[in-house]
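Numbered as in the working numbering, the first sequence ends at 587 without a single skipped number. Glycine is no exception: its CB is placed at the ideal position from the N, C-alpha and C atoms. Since we're looking at a predicted model, the values are computed, not measured. Heads up: the structure comes next, in structure tokens.
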Amino acid sequence: MFEKEKLTIESKIRAYLQTEGIKNASLEFRQIPFSGEWGMAVPLFPIAASEARSGKKVIVPQRAQALAEGIIASLGDSLGGFSHAEAVNGYLNLYFSTADYARRVVDTVLDQGSEFGKNPDRDETVMVEYSQPNTHKAFHVGHLRNVILGGSICRILEFAGYDVIRANYLGDIGLHVIKWMWNYLKNHPGEEPGEDHTHWMNQIYAEADRLFQEPENEAEVRELYARWNQRDPEILALWKKTRQWSLEGFNQIYSQLDESFDRIYFESEVEDPGAHLVEQLIQQGLAKDERPEGPVFIDLDEIVGTQDEYRVLVVLRSDGSSLYATKDIPLAIQKFNEYDLAKSIYVIDVRQSLYMKQIFKTMALLGYEWADRLYHLAYELVNLPGNVTMASREGTVVLFDDLVREATQRARAIVEQKNPELSEEIKDEIAEAVALGALKYTMLSRDNTKVVTFDWDAALDFNGQAAPYIQYAHVRAGSILRKAGEFSPPAVDFPGDLEKAEVDLIELMTRLPAEVLRAAAEYRPLVIANLAFELAKAFNDFYNTCQVLNTDPDVRAYRLRLVAAAQQVIASSLGLLGIRAPSVM
RNA sequence: GCCCCUGUAGCUCAAAUGGACAGAGCACUGGACUUCUAAUCCAACGGUUACAGGUUCGAAUCCUGUCAGGGGUGCCA
3 MFEKEKLTIE
13 SKIRAYLQTE
23 GIKNASLEFR
33 QIPFSGEWGM
43 AVPLFPIAAS
53 EARSGKKVIV
63 PQRAQALAEG
73 IIASLGDSLG
83 GFSHAEAVNG
93 YLNLYFSTAD
103 YARRVVDTVL
113 DQGSEFGKNP
123 DRDETVMVEY
133 SQPNTHKAFH
143 VGHLRNVILG
153 GSICRILEFA
163 GYDVIRANYL
173 GDIGLHVIKW
183 MWNYLKNHPG
193 EEPGEDHTHW
203 MNQIYAEADR
213 LFQEPENEAE
223 VRELYARWNQ
233 RDPEILALWK
243 KTRQWSLEGF
253 NQIYSQLDES
263 FDRIYFESEV
273 EDPGAHLVEQ
283 LIQQGLAKDE
293 RPEGPVFIDL
303 DEIVGTQDEY
313 RVLVVLRSDG
323 SSLYATKDIP
333 LAIQKFNEYD
343 LAKSIYVIDV
353 RQSLYMKQIF
363 KTMALLGYEW
373 ADRLYHLAYE
383 LVNLPGNVTM
393 ASREGTVVLF
403 DDLVREATQR
413 ARAIVEQKNP
423 ELSEEIKDEI
433 AEAVALGALK
443 YTMLSRDNTK
453 VVTFDWDAAL
463 DFNGQAAPYI
473 QYAHVRAGSI
483 LRKAGEFSPP
493 AVDFPGDLEK
503 AEVDLIELMT
513 RLPAEVLRAA
523 AEYRPLVIAN
533 LAFELAKAFN
543 DFYNTCQVLN
553 TDPDVRAYRL
563 RLVAAAQQVI
573 ASSLGLLGIR
583 APSVM
């Protein structure tokens, strides 16, 4: 937003440094930490230090300070858009005219609206594969982190200018599916799912898993597996029907989470291509075939010439049945056959890091030039207190629908208390927005590499650094505009003596564009989560210290602009997290 | 054994990628609703950034080592 001023002043600084015998200095602009007014800072330590390194006899801090002072002296009155400058602690601080800066930021935000902070189109397509649930099974809080993270990453990448393809890869075959069908045929023939598909599917699965422990049941399941392998039409039909139930269940969840997918892949579709590919690998001499005594595997360390780095990748079991790797290799190829991808991202938990590395290396060995465009976005697990990993088979899970139901009920009770006059329908909407927002924010506001310990109290705490706090700031802003009867107040000048709360709020708004780029580059929604909270905090501070409606007409005029702009930026940052921004709550 | 991740306030987490006094939220204590919604705000409290060295003008951040926790490591997904 201030590139022009930056460039002008930069060339002037360089000119001065030339006279000091310093050429090609690397100038760095950063934020001035504390501000009653604001501007940019240029640290001169790096320059002084490089002088010292090149043999000149200088004391770095003093020299840095002297340079900053020298620059100011040389600039004189020609500050090129800045209002004044200071030399402090070896930093050159350049300040903007408060009135100009404020007006410029607010005008820009309101002109661009929901486009503010959005990067121009890059003409690059990125695929993000996430969620990847197994059909016929539960959807628990562990799965939730993946969907929420993947969904937010997609939104951020889009905002950063990429074309994004949301891909899902469903585990629709395997022992778990056979077990499910066995239990269904034996104990629940003809039954149909109720309202909540996933919950019902999971009950049958959990029961099947329990019964599977009995040897005679296991034998029956194996029999069914054999029929499946022979493509028994009756079993195939049942599989298709029940799989569809699962998909419908997942879609209920996705739509509740405001998630949707552009491309769905099924494990069942890549199993056969995978088997053929394995044969090729063997023929090419890349894979070793030890069947029937051993499996088919690629000795990556041996091929690459490393030790204990890539280990070996088993691509087919000794009995000829398929593994993850059997299918992931053809799937990677299929993705690039279908799309021209600048990047293919896999949102998968950190335990599969080595496996992902093996797959990527294998693609490189196969000669695909796009192998270096594969990226594993690893995230840590959601554990229960006491570091207990959620696992359906252990029964240590918090199910998605249980959590959402509880959270929504609590949110609903608060809406009831705050806004009893609202219609039931609106109350429900708000409760859902708040409940889901809170869950999403909890997942997104910690770094991908950090384990989330799921705690009911923390997940259901709507106070403090949480989504409802941010949503509430958005609501308050909307409320002011509604009462003013002006949702897009006309442009006006800003005064030079703004309150600190106003300055801080404006300052945070300017950070959105850069933070979007950083979040996209690092695949870290946390960056946006932090900004959203800080914006809300600054807005609440402003709300508390600055009257908008009941004040001088001049003040009211520019503050209405400020409120509208703040509301926009808060809404945008919530949007990037996939969190709804209600207008009442 | 080897590899990866983590260790910051009582608890849960940040820290603009090496910069100005390490910041928030919970919890605890004391204040603020006749005023644009108190799902809010203000104040107070709370730190040898696991430990020991090193690199440099400057380190939570980079390097080495140690300790603690978690994960991975040829036919689980």
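Item                                                                                                                                                                                     : Value
May I ask which residues mark the beginning and end of the beta strand (DSSP E) holding glycine 276?                                                                                     : Glycine 276 -> not in any beta strand (DSSP E); alpha helix (DSSP H) instead, spanning 269 to 285.
In three-state terms, what does DSSP make of asparagine 26?                                                                                                                              : coil
In the DSSP output, which residue or residues are listed as bridge partners for serine 323?                                                                                              : DSSP output for serine 323 lists no bridge partner at all.
Please classify asparagine 95: is it buried, with 16 or more other beta-carbons within 10 angstroms of its beta-carbon, or exposed?                                                      : buried
Pop quiz: histidine 201 and leucine 401 are said to be a contact at Cβ under 8 Å. What is the actual Cβ separation, rounded to whole angstroms?                                          : 7 Å
By Cβ distance below 7 Å, which residues in the same chain neighbour arginine 558 in space, the five residues on each side in sequence not counted?                                      : Val550 and Leu551
Can you list, in chain order, the residues of its chain whose CB lies under 8 Å from that of leucine 81, leaving out five sequence neighbours each side?                                 : Ile11, Ala87 and Leu96
For isoleucine 175, I'd like the list of residues in its chain whose CB is within less than 6 Å of its CB, leaving aside the five on either flank, ordered along the chain.              : Glu269 and Ser270
If you run the structure through DSSP and keep just helix, strand and coil, what is tyrosine 18?                                                                                         : helix
Could you tell me how far apart the beta carbons of alanine 440 and phenylalanine 464 are, in whole angstroms, since I believe they sit closer than 8 Å?                                 : 6 Å
Where does alanine 17 land, buried or exposed, given buried means 16+ other C-beta within 10 angstroms?                                                                                  : exposed
What are the start and end residues of each continuous alpha helix (DSSP H) run of 4 or more residues lying completely inside the region 355 to 431, in chain order?                     : 355 to 367 and 402 to 420
On the criterion of 16 or more Cβ atoms from any shown chain inside 10 Å, does serine 28 qualify as buried, or is it exposed?                                                            : exposed
Between which two residues does the beta strand (DSSP E) harbouring leucine 318 extend?                                                                                                  : 314 to 318
Around the C-beta of glutamine 473, are 16 or more other C-beta atoms found within 10 angstroms, so that it is buried, or is it exposed?                                                 : buried
Going by other Cβ atoms of all chains shown within 10 Å of its Cβ, with 16 needed for buried, is glycine 153 buried or exposed?                                                          : buried
So, at 8 Å on beta carbons, what are the nonlocal neighbours of arginine 375 in its own chain, with the 5 sequence-adjacent residues on each side left out?                              : Leu343, Ala344, Lys345 and Ser346
Leaving out five residues before and five after alanine 521 in sequence, what residues of the same chain have Cβ atoms less than 7 Å from its Cβ?                                        : Ile158, Pro527, Val529 and Ile530
Buried or exposed: which applies to arginine 105, given that a residue is buried once 16 or more other Cβ atoms fall within 10 Å of its Cβ?                                              : buried
How do the region 559 to 573 and the region 485 to 502 stand: do at least 3 beta-carbon pairs fall below 8 Å, yes or no?                                                                 : yes
What residue range is occupied by the uninterrupted alpha helix (DSSP H) comprising isoleucine 350?                                                                                      : Counting along the chain, isoleucine 350 falls outside any alpha helix (DSSP H), though it belongs to the beta strand (DSSP E) covering 343 to 351.
Going by the CB atoms, is the gap between leucine 19 and isoleucine 49 shorter than 9 Å?                                                                                                 : yes
What are the uninterrupted segments assigned as alpha helix (DSSP H) that are 4 or more residues long and contained completely in the region 218 to 269, given in chain order?           : 235 to 258
Run through the region 494 to 558 for me and flag every whole alpha helix (DSSP H) of 4 or more residues, listed as ranges in chain order.                                               : 502 to 511, 514 to 524 and 528 to 547
Excluding five sequence neighbours on each side, which residues of the same chain lie with their C-beta closer than 6 Å to the C-beta of leucine 368?                                    : none
Spatial neighbours of alanine 101 within its chain, please: CB distance less than 7 Å, with the 5 preceding and 5 following residues excluded, ordered by chain position.                : Asp495, Phe496, Pro497 and Gly498
Using the Cα positions of arginine 313 and histidine 278, report the straight-line distance between them to the nearest angstrom.                                                        : 23 Å
Taking all protein chains shown into account, do 16 or more other C-beta atoms lie within 10 angstroms of the C-beta of phenylalanine 36, making it buried, or fewer, making it exposed? : At phenylalanine 36 the pLDDT is 48, less than 50, meaning the model places this residue with poor confidence; the figure from the coordinates comes in the next sentence. So phenylalanine 36 counts as exposed.
I think threonine 444 touches alanine 433, with their Cβ atoms under 8 Å apart; what is that distance to the nearest whole Å?                                                            : Threonine 444 to alanine 433, Cβ: 17 Å. No contact.
Any idea if isoleucine 395 is buried or exposed, counting beta-carbon neighbours within 10 angstroms, 16 or more meaning buried?                                                         : Sequence inspection shows arginine at residue 395; the isoleucine mentioned does not correspond to that position. It counts as exposed.
Who are the near neighbours of leucine 315 in its chain, counting only those whose CB is closer than 7 Å to its CB and skipping five residues on each side?                              : Phe299, Ile300, Leu302, Ala327, Gln360 and Thr364
Check for me: the alpha helix (DSSP H) holding phenylalanine 299 runs from which residue to which?                                                                                       : Run containing phenylalanine 299: none in the alpha helix (DSSP H); it sits in the beta strand (DSSP E), 298 to 301.
Helix or strand or just coil, what does DSSP make of proline 195?                                                                                                                        : coil
Under the DSSP definition of a beta bridge, which residues are partnered with proline 45?                                                                                                : Tyr93
How is phenylalanine 36 classed by DSSP in three states: helix, strand or coil?                                                                                                          : Confidence at phenylalanine 36 is low in this model, with a pLDDT of 48, below 50, so its placement is unreliable and the value that follows should be read with caution. Residue state, collapsed to three classes: coil.
Any heavy atom of the ligand SAM closer than 8 Å to the beta-carbon of tyrosine 171?                                                                                                     : This structure lacks the ligand SAM; in fact it carries no ligand of any kind.
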